[in-house]
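Reading through the structure tokens given below for one structure.
There are 2 protein chains.
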Amino acid sequence: MASNDRPANLANVAELASVASDPDDHRRACKARDILDRIGDKWSLLVIRRLSNETVRFTELRRDVTGISQRMLTATLRGLERDGIVSRTVHPVVPPRVDYALTELGQTLLASVCTLVSWSYDHSDQIDEARSAYDQRQADKPRVSEL
Amino acid sequence: MASNDRPANLANVAELASVASDPDDHRRACKARDILDRIGDKWSLLVIRRLSNETVRFTELRRDVTGISQRMLTATLRGLERDGIVSRTVHPVVPPRVDYALTELGQTLLASVCTLVSWSYDHSDQIDEARSAYDQRQADKPRVSEL
DNA sequence: CAGTATCCTACGTGATACTG
DNA sequence: CAGTATCACGTAGGATACTG
Chain A
218 MASNDRPANL
228 ANVAELASVA
238 SDPDDHRRAC
248 KARDILDRIG
258 DKWSLLVIRR
268 LSNETVRFTE
278 LRRDVTGISQ
288 RMLTATLRGL
298 ERDGIVSRTV
308 HPVVPPRVDY
318 ALTELGQTLL
328 ASVCTLVSWS
338 YDHSDQIDEA
348 RSAYDQRQAD
358 KPRVSEL
Chain B
218 MASNDRPANL
228 ANVAELASVA
238 SDPDDHRRAC
248 KARDILDRIG
258 DKWSLLVIRR
268 LSNETVRFTE
278 LRRDVTGISQ
288 RMLTATLRGL
298 ERDGIVSRTV
308 HPVVPPRVDY
318 ALTELGQTLL
328 ASVCTLVSWS
338 YDHSDQIDEA
348 RSAYDQRQAD
358 KPRVSEL
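Residue numbers (my numbering), protein chains in the order written: chain A, 218 to 364; chain B, 218 to 364.
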């Protein structure tokens with residue numbers, strides 16, 4: 218499952234770095250792309266966020282990460298665990314108890330992602346304006362046949 | 218087309234910021250999520266990357282952004298244009314010539330994304346190790362029925 | 001509680017053909 | 001050249017039911 222579980226998402230971002238056309242740069246870019254393929258998907262970052270500074274149980278995650286299905290939560294958690302971004306601790310008790318937490322690696326990722334998030338914050342107004350302006354332009358534009 | 222063109226991708230990242238449970242934070246997080254919904258898709262960042270520091274024509278983009286279909290290139294370009302991240306300049310000549318370029322807003326986005334890319338670079342080895350270790354653990358783990 | 005196994009659908013995406 | 005319009009397909013991902 219883990220091997221054919223490759224969502225089409227962020228990814229490719231890595232190639233941003235191969236702008237310089239440096240061959241060695243390119244090799245590393247491919248690696249980075251591979252990584253972003255996993256951490257850039259729809260749910261991973263939401264999960265990472267919920268895990269920041271806290272240890273959380275499976276059901277808590279399911280409840281707090283609004284909209285995620287049990288299936289997706291499991292898949293996301295497995296992927297992050299495999300990449301060493303989250304840790305999974307099973308307590309041999311009944312009923313079962315499993316704790317998830319961010320590893321140190323996960324903490325550093327959290328920091329990086331915040332940069333992108335900040336950008337969205339800082340520019341949300343500009344983008345809203347741009348969208349409105351664009352939509353207005355489209356609405357005003359007459360059909361070619363009506364010219 | 219632009220309104221129902223909502224790929225399921227990065228998104229939600231914004232909610233990373235609502236960790237503090239600040240209500241106002243949450244409002245802005247939703248906005249940011251909306252924005253990341255667009256810029257986080259598979260092709261947008263590749264296009265943005267190709268556009269860094271340069272004005273590029275449609276066909277050039279199609280050739281350089283490996284693997285993108287004409288349909289997706291058009292859709293991606295439209296979305297980025299609507300968000301004010303790229304500019305589209307039509308030259309009234311024959312044959313047609315259309316130039317695409319990053320706006321100032323687009324330039325700032327490029328910078329932010331590079332942070333995440335850098336993270337992938339810096340930690341690719343750690344992740345590779347983690348994956349190998351995880352896969353090894355899975356392979357070693359005997360079937361329950363064999364215990 | 002914490003998953004796993006199936007079924008099923010929506011949508012992203014590529015291929016192809018046509019237009020101004 | 002720079003698109004737009006269709007069609008066809010794979011698969012991500014939701015809903016549901018079952019298990020240890």
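Beta carbons: idealized from backbone N, C-alpha and C, even for Gly. Computed from a prediction, not measured in an experiment: that's the story for all the values here.
Proximity of Ala-347 of chain A to chain B, defined by a Cβ-Cβ separation below 7 angstroms, is satisfied. Within chain B, no C-beta atom comes nearer than 8 angstroms to that of Asp-281 of chain A; the closest sits roughly 10 angstroms away. Per DSSP, Val-334 of chain A is one residue of the alpha helix (DSSP H) stretching across 321 to 357.
Chain-ordered, the chain B residues with CB closer than 8 angstroms to the CB of Ser-329 of chain A read Thr-332, Leu-333, Ser-335 and Trp-336. Across the structure, Arg-279 of chain A and Ser-286 of chain A are spaced so that their CA atoms are roughly 7 angstroms apart. One alpha carbon belongs to Pro-309 of chain B, the other to Ser-329 of chain B, and they sit about 35 angstroms apart.
Going by C-alpha positions, Leu-290 of chain B is about 19 angstroms away from Gln-355 of chain A.
Taking the Cα of Leu-326 of chain A as reference, the smallest distance to any Cα among A:Pro-312, A:Thr-272, A:Pro-313 and A:Val-303 is reached at A:Val-303. Counting along the chain, the unbroken alpha helix (DSSP H) around Val-264 of chain A starts and ends at 261 to 268. Annotation: Trp-336 of chain A to Leu-333 of chain B spans about 12 angstroms, alpha carbon to alpha carbon. DSSP, read as helix, strand or coil, puts Asp-300 of chain B in coil. In this chain, Glu-271 of chain B is not harboured by any alpha helix (DSSP H), its DSSP state being neither H nor E. Between Trp-260 of chain B and Thr-293 of chain B, the CB-CB gap stays under 7 angstroms. Against chain B, the beta carbon of Glu-298 of chain A has neighbours under 8 angstroms at Tyr-351, listed in chain order. Between Leu-319 of chain B and Leu-268 of chain B, the gap from beta carbon to beta carbon is short of 7 angstroms.
Considering only beta carbons, the part of the segment 304 to 329 of chain A lying closer than 9 angstroms to chain B consists of Thr-320, Leu-322, Thr-325, Leu-326, Leu-327, Ala-328 and Ser-329, in chain order. When 8 angstroms is used as the limit between beta carbons, Leu-253 of chain A is near these residues of chain B: Leu-333, Val-334 and Ser-337, in chain order. At a Cβ-Cβ threshold of 7 angstroms, Ala-347 of chain A and Asp-300 of chain B count as neighbours. With 16 or more other CB atoms across the displayed protein chains lying within 10 angstroms of its CB, Arg-266 of chain A is buried. Residue pairing by DSSP places Thr-306 of chain B opposite B:Asp-316 in a beta bridge. Using a CB distance cut-off of 7 angstroms, Ser-261 of chain B does not count as an interface residue toward chain A. Contacts with chain B at 7 angstroms (Cβ-Cβ) include Ile-344 of chain A. Between the C-alpha atoms of Leu-322 of chain B and Ile-256 of chain B there is a straight-line separation of about 12 angstroms.
Taking C-alpha positions only, Thr-306 of chain A is separated from Val-273 of chain A by approximately 10 angstroms. Taking 7 angstroms as the cut-off, the beta carbon of Ile-344 of chain A is found no closer than this to the beta carbon of Ser-341 of chain B. A straight line joining the alpha-carbon of Asp-352 of chain A with that of Asp-316 of chain A spans about 47 angstroms. In the structure shown, the three-state DSSP call for Asp-258 of chain A is coil.
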